[in-house]
Structures are given as structure tokens and as C-alpha cells.
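Heads up: the sequence lines are chains A and B, in that order.
Counting in the numbering used here, the first sequence runs without a single skipped number right up to 244 at its last residue.
Counting in the numbering used here, the second sequence runs without a single skipped number right up to 244 at its last residue.
2 protein chains.
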Amino acid sequence: MTVYTATSLKSELNERGWRLTPQRETILQVFQNLPKAKHLSAEELYHLLQGEGENISLSTIYRTLKLMARMGILRELELAEGHKHYELNQPYPHHHHHLICVRCNKTIEFKNDSILKTGTKTAQKEGYHLLDCQLTIHAVCPMCQRALLPI
Amino acid sequence: MTVYTATSLKSELNERGWRLTPQRETILQVFQNLPKAKHLSAEELYHLLQGEGENISLSTIYRTLKLMARMGILRELELAEGHKHYELNQPYPHHHHHLICVRCNKTIEFKNDSILKTGTKTAQKEGYHLLDCQLTIHAVCPMCQRALLPI
DNA sequence: GAATTGATTGTGTATCATTCTCATTAAAGA
DNA sequence: TCTTTAATGAGAATGATACACAATCAATTC
Chain A
94 MTVYTATSLK SELNERGWRL TPQRETILQV FQNLPKAKHL SAEELYHLLQ GEGENISLST
154 IYRTLKLMAR MGILRELELA EGHKHYELNQ PYPHHHHHLI CVRCNKTIEF KNDSILKTGT
214 KTAQKEGYHL LDCQLTIHAV CPMCQRALLP I
Chain B
94 MTVYTATSLK SELNERGWRL TPQRETILQV FQNLPKAKHL SAEELYHLLQ GEGENISLST
154 IYRTLKLMAR MGILRELELA EGHKHYELNQ PYPHHHHHLI CVRCNKTIEF KNDSILKTGT
214 KTAQKEGYHL LDCQLTIHAV CPMCQRALLP I
């Protein structure tokens, strides 16, 4: 949960014998310029880049998202739409969690500092190196409760 | 997060105009008899049932798992293997969370009562009806840290 | 307890997110 | 500048999950 620049990304990649490519730099930038509370799927990122004239292949997008998630740069979110979403993995005070309606998929972000503390402590206790820590609440939103729709 | 019996499952289904079938009852039983800390994927459940001579189709398994998750009977876990896992959604004191190594997928369960309290409070504040609440910690386990393997 | 209704099942097929293959390209270090 | 090998792009392959539909049967009604 560090704040990354192209330079710090480059040195962290090079340390492991990997490379900073224009594609990776571009993708990092997209996430850094994304409005708050906005997250992207692979497909969405692909089309967003297409729209900006950046032709990065879908394969590379998938590879880069996975890489950055495993480096702790991005968070991988499971928001119940059947595909993953990604957002910058930001430290306090931007760190947040998700409350998801399992019926309509409406998602609310919320903050709670003690959760990150719990996560940090738990990982530390087991000797794990923390990358991300997210509380996911599955629930039924007020509208869907009233709707009495099939599950 | 209630404890279900075949009877209580039946009445909850019937309330909504749905039915208790032998397949649904069998699947509930499997989860109730599962050892602690054990969770199943759709495919695993399918083969487990096959082994017991219960021929429930894979479609029905998928449908039932989804239904029960949306009713709050089961928890849907994303444990990084590329497919979902399910376990009984048990209340305090069995409620727990997961610490996952993103490299080798080794998973540790841990308990923390304050998280469920936070989840309950958050859902309530927004008027959501809570189904499940899980803290997922993504991290790198001690062995994988030493291994210096590719991400 | 027989008849009715429509929810549920099973089989096979379709879908769609994600990963893989492999030839080509191009970062990084010498 | 040259060498090495990681990374990319295009398309094919994979695999988890959803769907369609005819047949079945759980719950309710008479």
C-alpha cells in the first residue's frame, strides 16, 4: 500500500529482473487519474484506453492487472458482476471497504480505520507480508428488500 | 447467519413460493456435516456427492449454491483459485475470516469479533439487510517471501 | 388423496472472463 | 551498440458458470 510513481515502479520491477514498459506505465497512470471510488474491469480499461488512442492488447491488460495486484499496487475487487474490478491500493486515509447488494449489485464504499489495523496485525502475527485487506459485506439493499423479487 | 434445519429451510423457501427438494436438502446436509474450516467448490461438491451415490446434476449444484448464498445460508469465498468456494455461514462464535497468500494460495482462517460488529453496524446504518461479512487479507506467506519466485 | 400449477431438475449447449501459445519486439545491462 | 530475455499482440484454448427446454414433482387446492 505505497504510492507509486513511474520511477518507483521501474526500480521495483528492475530489482526483480523485470521491465517497465510503456504499457505498464500507461496503465498505472490511468488508475492514478481515475476519479475517487471508480474502479475498472479489464474490459473497461481496454475500452477506455482504446478511446484515448492507446492500443494495448487485452492480453497485456490482463497480465498487467494481475501483476500489479500481486505487487500490491492494485486491489482486486469481487463486486458480484462475474468479473474482477481493480482500483489503486491506497493507504490510509483513502483505504476503504465495500457494502454490496447481492441482488442489484449496488455498491457502497465505507471507511473504517480499525479494519486495516486488524489486517496489518493479523498478517504480521503469521509472518505474512500484507498486500491488501478488504472487508466485503454482502447484504440486501433497502430497495431490493421492498421489491420482494426472486433471489 | 442463522442455523438452518431442513424444516426451517423448507418454511423459508415456501414463504417465497419456492420448494424444498431432496437435492436442496442433501446439499444443506453436506455443508452441515463438513469438517470445520473445510469449504467446497461446485465441482468438489459434485464429486463428493457422486462418491456418496447421490446423482445431483452440476447445474443444480450451481443453482443451489447461488440460491443458498443469496439467502445467507452459505458464504461465497473468493480464495484465489479461479473459482468460488462455499461454506456454511455460521454466526458467532464460528464466524471467521481469511488470510490468503496470493502466490501459493495457502489460506489461514482467523477470528475477530469486532469485524462482524463493524459489518452489522455498517449494514444497519445504510438500511441493508446483512447476509455475510468477511475480511479478506491478501498477502505473501513466509515461505513465498523466501522463495523469491516470480510474482 | 387426486388433480393442478408452476417451480425445479437434468442434459446438453452457450457464454464469457481469463489464460495460454508462440512468433515478434524491445527494455536493460554489458 | 550488442546481447539477452522479458514483454507484447493476436488468436486460440480453457474452464467456470449460465442458459434453454422438455420432463418431473413439491405444494396447494378441491
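In this text, a Cβ means the ideal position worked out from N, Cα and C, and glycines have one as well.
Residue B:Ala135 holds the alpha-carbon nearest to the alpha-carbon of B:Met161 among B:Thr200, B:Ala135, B:Lys199, B:Tyr221.
B:Leu172 is a Cβ neighbour of B:His191, given a cutoff of 8 Å.
Taking C-alpha positions only, A:Thr215 is separated from A:Asp225 by approximately 12 Å. For A:Gln227, there is no enclosing alpha helix (DSSP H); the enclosing beta strand (DSSP E) covers residues 222-233.
A straight-line Cα-Cα distance of about 19 Å links A:Ser152 and A:His132.
Secondary structure of A:Thr200 (DSSP, three-state): strand.
Remark: C-beta atoms of A:Val123 and A:Leu141 approach each other more closely than 8 Å. Following the DSSP letters along the chain, one finds B:Tyr179 inside the beta strand (DSSP E) bounded by residues 177-181. At a cut-off of 8 Å between C-beta atoms, A:Ser207 counts as an interface residue with respect to chain B. A check of alpha carbon separations from A:Ile120 across A:Thr200, A:Leu158, A:Thr213 identifies A:Leu158 as the nearest. Distance between B:Asp206 and A:Ile149, taken at the CA atoms: about 45 Å.
Distance between A:Glu202 and B:Glu147, taken at the CA atoms: about 42 Å. The straight-line gap separating the alpha-carbon atoms of A:Tyr155 and B:Leu113 is approximately 42 Å. With fewer than 16 other Cβ atoms from the protein chains shown falling within 10 Å of its own Cβ, B:Tyr185 counts as exposed. Of the candidates B:Cys197, B:Gly165, B:Glu137, B:Glu137 places its Cα closest to the Cα of B:His178.
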